[in-house]
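So the structure is just underneath, and the comments pick up after that.
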Amino acid sequence: MRTVFSTLVVLFGFASAGNAAEMIDVGPDVGTNIPANFNGQDAKGKDITYADVTGERGLVLGFVRSASWCPFCQSQMKDLENIAADLKSRGYELAVMSYDAPKVLDQFAKKQNISYALLSDEGSEMINALGIRETSYKEDSMAYGVPKPVIFIIDPNGKIEGKLAMEGYRDRPALEEVMAEVDRIIGANS
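Just so we're on the same page, our numbering is the position in the sequence shown counted from 1, plus 6.
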């Protein structure tokens with residue numbers, strides 16, 4: 007089934023590799039810190055802080071629109087599973103945050119065998135604090151409160167060391183781009 011879905015993804019342009027879209031600057035500047043009160047809930051509904059999800063070298067934190075209804079996000083979240091172990095071996099934890107309720111994230115994680123942390127920002131508090139809310143949706147829209155898709159690479163103290171985002175919501179950075187940015191940061195800090 008995954009092979010069929012992957013083929014459809016490529017045919018309809020949902021895949022992230024080889025995109026013609028360019029990187030854009032979204033959210034806080036590299037070198038600034040994430041909000042000190044970074045919080046959310048894990049997929050089981052347990053309150054978490056940044057310290058609960060960061061690794062020895064930091065955290066690769068992706069923001070997606072929804073694990074429930076966004077096929078581009080679902081594809082990206084499944085793809086990220088392919089680099090979770092590589093990130094961990096480099097000292098980084100991987101997490102993805104959305105405005106979805108913990109129950110939605112838990113169901114997605116179980117169905118897709120996701121090993122990394124899925125975090126709920128139901129109410130978009132962190133999305134707003136980071137300035138990444140997609141503002142084109144009105145309050146009566148089901149998409150009200152979604153973030154612009156972005157990946158932050160954050161050190162253990164909360165400093166943003168890198169970020170990757172592409173124009174629109176269909177295109178996402180390729181896994182190779184994420185790993186290259188992580189390796190660049192490791193090299194720069196060695």
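Virtual Cβ for every residue (Gly too), placed ideally from N, Cα, C.
Below 8 angstroms between beta carbons: does that hold for residue i and residue j?
i: VAL110; j: ALA149; result: no
i: ILE54; j: ASN43; result: no
i: LEU181; j: ILE89; result: yes
i: VAL188; j: ARG71; result: no
i: GLY151; j: SER130; result: yes
i: LYS154; j: GLU145; result: no
i: VAL59; j: ALA135; result: no
i: ASP106; j: LYS50; result: no
i: PRO108; j: ASP48; result: yes
Looking only at its chain, what residues have a beta carbon closer than 8 angstroms to the beta carbon of residue i, apart from the 5 residues adjacent to it on each side?
i: GLY19; result: Interpretation of GLY19 is limited by its pLDDT of 37, a score under 50 that renders its predicted location unreliable; no figure is taken from the coordinates.
i: ILE191; result: ILE159, GLU167, GLY168
i: GLU183; result: LEU170
i: SER142; result: none
For the beta strand (DSSP E) that contains residue i, what are its first and last residues?
i: MET103; result: 98-104
i: ASP53; result: 53-55
i: ALA123; result: 123-126
i: ASN88; result: Note, ASN88: premise wrong, no beta strand (DSSP E); alpha helix (DSSP H) at 77-95.
i: GLU173; result: Element bounds for GLU173: n/a, residue is neither H nor E.
Taking residue i as part of the alpha helix (DSSP H), name the residues at either end of that continuous run.
i: VAL152; result: Note, VAL152: premise wrong, no alpha helix (DSSP H); not H, not E.
i: PHE69; result: Where PHE69 is concerned, there is no enclosing alpha helix (DSSP H), although the beta strand (DSSP E) it sits in stretches over 64-69.
i: LEU193; result: Note that residue 193 is Gly in the sequence shown here, rather than Leu. Where GLY193 is concerned, the enclosing alpha helix (DSSP H) stretches over 181-195.
Return the chain-ordered list of same chain residues with a C-beta closer than 6 angstroms to the C-beta of residue i, the five sequence neighbours on each side being excluded.
i: GLN118; result: LYS84
i: ARG8; result: Low per-residue confidence applies at ARG8: pLDDT is 39, beneath 50, and the placement is therefore not dependable, though the value from the model is reported in the following sentence. Hits under 6 angstroms: none found.
i: TYR98; result: GLY61, ARG63, GLY64, VAL66
In chain order, what residues of the same chain have a beta carbon less than 7 angstroms from the beta carbon of residue i, not counting five sequence neighbours either side?
i: MET103; result: GLY46, LEU67, PHE69, LEU125, ASP127, MET132
i: PRO179; result: SER22, ILE157, LEU170, MET172
**Request:** Could you say if the region 26-33 and the region 168-182 meet the contact criterion of at least three C-beta pairs nearer than 8 angstroms?
**Result:** Yes, they touch.
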